[in-house]
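Enquirer:
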Amino acid sequence: MSAGIDLDDVCCDFGSFRAVDHVNVAIQPGEFFSFLGPSGCGKTTILRMISGFTEPSSGVVRIGGKDMRGQRPNQRPTALIFQNLALFPLMSVADNIAFGLEVRGIDKAKRRARADELLRLVDLPGAGDKMVSQLSGGQKQRVAIARALAVEPAVMLLDEPLSALDLKLRQHMRAELRAIQKRTGVTFIYITHDQGEALAMSDRVGVMSHGRLQQVANPRDIYDNPANGFVASFVGENNILAGSVGAVGQGFASYDTPLGSFRARMAPNTGGAVKLYVRPEHMRFTAEAQAENSVPVTVTDVAFEGNFISVHALSENGTNLVAELRNDGLGNTPAPGAKLHISFDAARAAILPDETAAEA
Amino acid sequence: MQDLLRRYGTGLTGAFVLLTAFWLLVLIVLPNFYLLENSFRPYLPRVDMGGPLDTYSFDNYAKILTGSSPTEVFGLTVTLPVHVKSFLLTVGYSAFVTVLSFALAYPLAYYLAKIVQPKSLPTLFLLLFVPLWVSEVLRSFAWFIILSLKGPLNFSLLGLGIIEAPIRWIAGYRSIIIGLVYTYVLFMLFPIYNAIQSLDTNQIEAAEDLGSPWWRTHWRVILPHAKPGIASGAVMVFMLSAGSLLVPVLLGSTESNWFTQVIQQWMFEAADWNTGSAYAFILLVLCTVFVSLVMRVFRVKLSDIAK
Ligand SMILES: Nc1ncnc2c1ncn2[C@@H]1O[C@H](COP(=O)(O)OP(=O)(O)OP(=O)(O)O)[C@@H](O)[C@H]1O
Ligand SMILES: [Mg+2]
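Residue numbers (the working numbering), protein chains in the order written: chain D, 1 to 360; chain Y, 361 to 667.
1) Count the other CB atoms within 10 Å of the CB of residue 549 of chain Y; is the residue buried (16 or more) or exposed (fewer)?
2) Closer than 8 Å between beta carbons: that is the criterion. Which residues of the stretch 571-597 of chain Y meet it against chain D?
3) Given that a residue counts as buried once 16 or more other Cβ atoms are within 10 Å of its Cβ, and exposed if not, what is residue 524 of chain Y?
4) Can you find the residues in the same chain that come closer than 6 Å, C-beta to C-beta, to residue 153 of chain D, ignoring five residues on each side of it along the sequence?
5) Just to confirm my understanding: we take residue 621 of chain Y, look at its own chain, exclude 5 residues before and 5 after, and list those with CB closer than 6 Å. What are they?
6) Where the beta carbon is closer than 7 Å to any heavy atom of ligand 2, which residues qualify, in chain order?
7) Just curious, the alpha helix (DSSP H) that residue 370 of chain Y is in, first and last residue?
8) When burial is assigned at 16 or more other CB atoms within 10 Å of the CB, is residue 596 of chain Y buried or exposed?
9) Tell me which same chain residues have a C-beta within less than 6 Å of the C-beta of residue 470 of chain Y, skipping the five on either side of it?
10) Which of the three DSSP states, helix, strand or coil, is assigned to residue 593 of chain Y?
11) Can you tell me where the beta strand (DSSP E) holding residue 9 of chain D begins and where it ends?
12) Does the separation of the CB atoms of residue 74 of chain D and residue 560 of chain Y fall below 9 Å?
13) With hydrogens ignored, establish whether the beta-carbon of residue 315 of chain D is closer than 8 Å to any heavy atom of ligand 1.
14) Taking the C-alpha atoms as reference points, what is the distance between residue 359 of chain D and residue 228 of chain D?
15) Assign residue 382 of chain Y to one of two classes, buried (16 or more other C-beta atoms within 10 Å of its C-beta) or exposed (fewer than that).
16) In chain B, what lies closer than 8 Å to residue 51 of chain D by C-beta?
17) Give a single yes or no on whether residue 14 of chain D has its beta carbon closer than 8 Å to a heavy atom of ligand 1.
18) Could you check whether the Cβ of residue 361 of chain D sits closer than 9 Å to any Cβ belonging to chain Y?
19) Starting from residue 361 of chain D, follow the beta strand (DSSP E) in both directions and report where the run begins and ends.
20) Answer yes or no: the CB of residue 521 of chain Y versus the heavy atoms of ligand 1, is any distance below 8 Å?
21) Between residue 17 of chain D and ligand 1, is the CB less than 8 Å from at least one heavy atom?
22) Mind listing the chain D neighbours of residue 617 of chain Y? Cutoff is C-beta to C-beta under 7 Å, in chain order.
23) Go ahead and pull the three-state DSSP assignment for residue 106 of chain D.
24) So does residue 208 of chain D have its beta carbon nearer than 8 Å to some heavy atom of ligand 3?
25) For residue 476 of chain Y, does the three-state DSSP call read helix, strand or coil?
26) What are the boundary residues of the beta strand (DSSP E) that includes residue 441 of chain Y?
27) Per DSSP, what kind of secondary structure is residue 636 of chain Y in: helix, strand or coil?
28) Of the residues D:297, D:319 and D:198, which one's Cα is nearest the Cα of residue 240 of chain D?
29) Quick one: give me the first and last residue of the alpha helix (DSSP H) that residue 609 of chain Y is part of.
30) Who are the neighbours of residue 74 of chain D on chain Y, taking C-beta pairs under 8 Å?
31) Helix, strand or coil for residue 360 of chain D per DSSP?
32) Determine, using beta carbons only, whether residue 4 of chain D and residue 185 of chain D come nearer to each other than 9 Å.
33) Among D:159, D:212 and D:114, which residue has its Cα nearest to the Cα of residue 18 of chain D?
34) Which residue from D:293, D:330 and D:315 puts its Cα closest to that of residue 308 of chain D?
35) My output table needs one value for residue 22 of chain D: the three-state DSSP class, helix, strand or coil.
36) Output, in chain order, the set of chain D residues within a Cβ distance shorter than 9 Å of residue 664 of chain Y.
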């Protein structure tokens, strides 16, 4: 039932503006794949090329191995859930869900039965006779999902479907979507600019910037082994230090900055402008200086965030460093004004191509 | 009202209200009321006005039922009073004009609202409006020339080999229909354009994405959404057509007799304003009834149109 999707060197130009730039990715059948990126990076454009509303300027979209060039959206085995859902306000909930079946000439009784079945699947039993305007945001969401599932698509395309919902409902619907995907086995392509959402739901994530795919990997690798500074910064927080690469060897390199010399991971053939990236949660404070990657600092600010504590510290040359400490409930966090040493493991820090270099 | 008072002060607001009231009362309500009153009184020489003969009755209204002419309808011969026949033909052809205007306006409205590049819209609207810069009389005369037997339309059609013999356009009600559609089609176009314009394009795409062919998308999504616009356009075109005098007079043939022409004949040829008024109210009331019935059939509410 589900199908894989290949984007083969796909570009999309609007006039002289290139919205999608040589994107290559093979999405597996039954995979939950997310495109993650900031506003305007071309996510919706990619989705519209898969669903057939926009033709690529060059390159090929294949669904289930079939070249989709020249196929209209109503000929493709995809179902798109729009950012604003686009439910039909003049039809009842059941008619909305059954629209795709009506199009296929299925008779009324069968349509209704199928709509009721889908309403149960999305946890809205008995809502068939309501009008769309009588539903809450989360319920509309589910109706949109049911309407898309009704045509038994091989691929579901979701364009930031949760962005209009409040936090609690969003978290609930994340789990729900994931469960529906598992139950139906349909390939889901999910678009979001919320990194938490992408990491929590997806089998794999493609991070985009300025029309280009920066990295495709599973959520863990996206977070722990970002391919470049853009991915590292977009997916999570970092302490970023500028300097120059010194001695290189065995996946590590030394990096000289005004703060001192550090050792961190560096992929073998990293070229161009690079910076040092360290996640705040990999920073720790000690009373004594450590053997490597250690800087004397003065704590300036302690912000209590609930499950973690964010500590800002200033080095002797005026660089601001941030550490996030887990709230272990024991209350032994540094106090503002404390003079301590901040340090990190070489294995937890990375020398990556600069974020601005990735965007250019 | 509060808002107006705050914004313009008592003096100016009072002036607005008074002017509007003057316009409504003196220029619309009173003349109509005068005609209505007159329609129930007999047409009398001046000396008898206000005399014993000047009594209220429905006699003027009943005149429409006098005089009869045999008429062929679908092969059956029925005998109808001449003026009733003229009235029925006027309503029937006005409805036809309305349908024709819709058929022309809907695709164009859809094209303007959803397909055309927004930047070329001003030019297209300008092109639509340019004919309105010429007076209605001149435009009707222009059609008279275009449609004449040896006119440019027949000349072009003959030249292109589409027809073999010239068509007599100004015959029966043909030329009136053409003229009315041309004159009033924009009244259909703009309400429909506005309605379709307000439809979220994503809904059209959603329908297509779910596999809908274009005609079903129109039938199930776009037309229902545009219904209020279609209804207000249709009411306007129908009422304007049924009430038009200029086009039937200028483009009418020897066989055509629009109901407004009958009214005009009573008023200006027979100088019988009383009967003319009665006929005018028959036209107004029956057209309103007809429109309400049609709206009920299509389940359109008055409040939808007002939107
Ligand atoms: N039809 C169009 N004509 C011209 N430019 C377009 C068109 N559609 C999109 N763009 C441009 O292409 C770029 C990518 O747009 P796209 O809608 O794919 O972004 P996005 O990643 O979905 O952003 P968001 O998260 O805000 O929805 C944007 O800069 C946008 O202005
Ligand atoms: Mg988008």
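Glycine included, every Cβ here is placed at the ideal spot set by N, Cα and C. Bear in mind that the values here come from a model prediction, so they are computed numbers and not experimental data.
Expert: This is what the structure holds:
1) buried
2) 571, 572, 573, 576, 580, 581, 584 and 585
3) exposed
4) 77, 78 and 79
5) 608
6) D:43, D:44, D:83, D:159, D:160 and D:191
7) 362-382
8) buried
9) 556
10) helix
11) 5-14
12) no
13) no
14) For residue 359 of chain D, the predicted model reports a pLDDT of 48, less than 50, meaning its position is unreliable and no value from the coordinates is stated.
15) exposed
16) Given the protein chain composition of this structure (D and Y), no chain B is represented.
17) yes
18) Because chain D here runs from 1 to 360, residue 361 of chain D falls outside it and cannot be looked at.
19) The requested residue 361 of chain D does not occur in the structure, where chain D is confined to residues 1 to 360.
20) no
21) yes
22) In chain order: nothing, as chain D lies at least about 43 Å away.
23) coil
24) Ligands in the displayed structure: ligand 1 and ligand 2; ligand 3 is not one of them.
25) coil
26) 436-441
27) helix
28) D:319
29) 606-611
30) 568, 569, 570, 571, 572 and 573
31) Residue confidence for residue 360 of chain D is low, a pLDDT of 45 falling below 50, so the modelled location carries little weight; the figure read from the coordinates is stated next. Coil at residue 360 of chain D, not helix or strand.
32) no
33) D:212
34) D:330
35) strand
36) Per Cβ cutoff of 9 Å: no residues; residue 664 of chain Y is ~12 Å from chain D at best.
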